[in-house]
Amino acid sequence: MGVTGAGKSTFISRCCPSAVGSASDGMKSCTQDVRTYTFHHSGKTIHLIDTPGFDDTYRTDSDVLRDLAYYLTSSYGSGYKLSGIIYLHPITHNRLTGTAFKNLRTFRKLCGAQSMSSIVLATTMWSEVTPEVGDAREVELKETAEFWGDMIREGSTVYRHTDDHNSAINIISFLADRDTKTVLGLQAEMVDQKRSLEDTEAGREVDKEMSQQREMFEKRLELTRQELEEAIAAKDDQHAREIMQEQERFESKLAAIQQGREELRISMEALIAEKEKRHKEELAKMNEQLETGAALAGAAMAGGCTVT
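Quick note on the working numbering: the sequence shown kicks off at 57 and runs consecutively.
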């Protein structure tokens with residue numbers, strides 16, 4: 057796990073080069089769905105689960121959390137537990153603020169206190185900073201309580217990932233050789249305690265963030281209403297049109313936030329049923345496209361055409 061651009065897909069490619077086509081290009085998130093990649097190491101079968109971050113370019117945090125919840129609860133409900141969690145953070149980030157800090161807070165809520173000793177906090181992109189700068193930033197991460205400090209005191213381990221095969225495998229080996237399994241907080245809450253997603257610690261964190269965003273856009277919308285009245289009074293039609301377009305953007309944002317909050321009100325059973333229904337619909341659509349393609353190819357061949 058980690059923010060967009062932290063190197064999640066690249067890390068996986070260092071472990072199993074054939075698994076990942078391209079890494080994130082910075083602004084656009086490469087990983088938009090939960091994906092599993094499998095390889096063998098030291099006589100063990102390793103499954104790496106690549107996940108989108110809570111700052112995904114094209115998806116809301118509630119949508120990302122729903123996907124994570126589906127994968128984690130369905131796998132745990134089927135008897136599968138995680139050996140560990142790798143959280144990647146680019147050492148190129150000057151400070152852990154804004155999006156990265158929000159991502160980390162949600163990550164901690166999702167894992168829960170009981171999983172802290174199964175977490176590796178790995179810094180990436182060391183080749184892009186000087187050793188002095190990198191060392192200073194790592195110290196800040198490790199010694200600041202609200203960054204990594206508390207997690208380290210609760211058992212999390214820090215690694216430097218130097219973007220090569222050996223570095224990635226060392227982290228994998230550390231977790232695999234422990235021979236222990238962990239149950240994430242979200243899994244225990246939804247599967248064992250039968251809570252809805254909005255009633256989990258991670259769900260509450262995401263809902264809190266969306267509530268703050270809603271308040272911000274509501275304030276901006278109120279300001280534009282005042283500005284619109286002034287523009288109309290001044291008979292400034294061009295400015296009035298620009299303000300109304302801005303209002304539409306804010307109203308769209310507010311509608312998306314409201315939808316996101318409503319999407320958190322779902323149980324494990326309902327979430328799994330919804331995902332399975334969507335999966336069946338996608339398979340049916342795919343089969344229909346294949347059958348249509350086969351029929352067209354057959355018709356073309358019957359008519360003496362060559363299909364390439």
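The beta-carbon is built from N, C-alpha and C at its ideal position, and this holds for glycine as well. The structure presented is a predicted model; accordingly, all values stated were derived computationally and were not measured.
When the beta-carbon positions are compared, residue 224 and residue 145 stay at least 7 Å from each other.
Below 8 Å, enough C-beta pairs join the segment 118-131 and the segment 320-329 to call them touching: three or more. Within the same chain, Cβ atoms closer than 6 Å to the Cβ of residue 70 are found at 221 and 224, the five residues on either side in sequence being excluded.
In this structure, the beta-carbon distance from residue 189 to residue 148 does not fall below 7 Å. The three-state reading of DSSP puts residue 114 in coil, since its state is none of H, G, I, E or B. The DSSP assignment places 206-209 as complete runs of the alpha helix (DSSP H) inside the segment 189-225, in order along the chain (cut-off: 4 residues). If only uninterrupted alpha helix (DSSP H) runs of at least 4 residues are considered, those enclosed by the segment 215-289 are 221-233 and 257-289. Leaving aside the five residues that flank residue 243 on each side, the residues in its chain whose CB is nearer than 8 Å to its CB run, in chain order, 128, 129 and 132. A Cβ-Cβ separation of about 43 Å leaves residue 306 out of contact with residue 348 under the 8 Å criterion. In the structure shown, residue 149 falls within a coil segment according to DSSP collapsed to helix, strand and coil. Taking C-beta atoms as the reference points, residue 227 and residue 175 fail to come closer than 7 Å. Following the DSSP letters along the chain, one finds residue 162 inside the alpha helix (DSSP H) bounded by residues 154-167.
For residue 320, the closest C-alpha among the options 125, 238, 139 and 308 is that of 125. Judged by their CB atoms, residue 171 and residue 253 are not nearer to each other than the 7 Å cut-off. Cβ-Cβ distances below 7 Å link residue 110 to 117, 120, 158, 159 and 162 in the same chain, with the five nearest sequence neighbours on each side left out; the list follows chain order.
Under a 10 Å Cβ-count criterion, residue 246 is classified as buried, with 16 or more other Cβ atoms of the shown protein chains found around its own Cβ. Distance from the CA atom of residue 311 to the CA atom of residue 271, rounded to whole angstroms, is 13 Å. Counting only the Cα atoms, residue 169 lies some 9 Å from residue 207.
For residue 286, the number of other beta carbons within 10 angstroms of its own is below 16, and it is reported as exposed. For residue 273, same chain residues with a beta-carbon under 6 Å away, outside a window of 5 residues either side, are 306, 309 and 310 in chain order. Sorting 317, 67 and 304 by C-alpha distance to the C-alpha of residue 179 places 67 at the top. Excluding its 5 nearest sequence neighbours in each direction, residue 199 has C-beta neighbours in its own chain below 7 Å: 205, listed in chain order. Collapsing the DSSP output to three states places residue 58 in a strand.
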